[in-house]
Amino acid sequence: LKNERGVAYPLFCHMHDRVEEIWKEIRVCTSISDRSIMGKRLVSEEGRELNPNDRLIDVGISHFHVIRLLKD
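Heads up, the sequence shown is in our numbering, so the first residue is 204 and it goes up one at a time.
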């Protein structure tokens with residue numbers, strides 16, 4: 204879903220998946236260009252930066268969490 208503030212993109216991940224899986228999904232999303240991903244990082248609702256090797260369960264990501272793609 205595109206709106207004036209960006210793109211909302213629902214993802215379906217398992218709690219034992221790594222954050223890297225979210226990056227893979229973002230890269231194939233047609234609403235988000237590769238150029239807009241450069242220099243960005245994933246941040247949880249609580250403001251914690253998510254590293255690609257983190258498992259979702261270890262960083263507290265579960266159903267209906269919002270993860271933001273922010274500038275470095």
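Quick reminder that beta carbons are idealized off the backbone N, C-alpha and C, glycines included.
Residue pairing by DSSP puts R271 in a beta bridge opposite V246.
Using a Cβ distance threshold of 8 Å, M218 and S247 do not count as a contacting pair. No Cβ-Cβ contact shorter than 8 Å links R251 with I240. For H268, same chain residues with a beta-carbon under 8 Å away, outside a window of 5 residues either side, are S247 and E248 in chain order. Burial is judged here by how many other beta carbons sit within 10 angstroms of a residue's own beta carbon; I225 has at least 16 and is buried.
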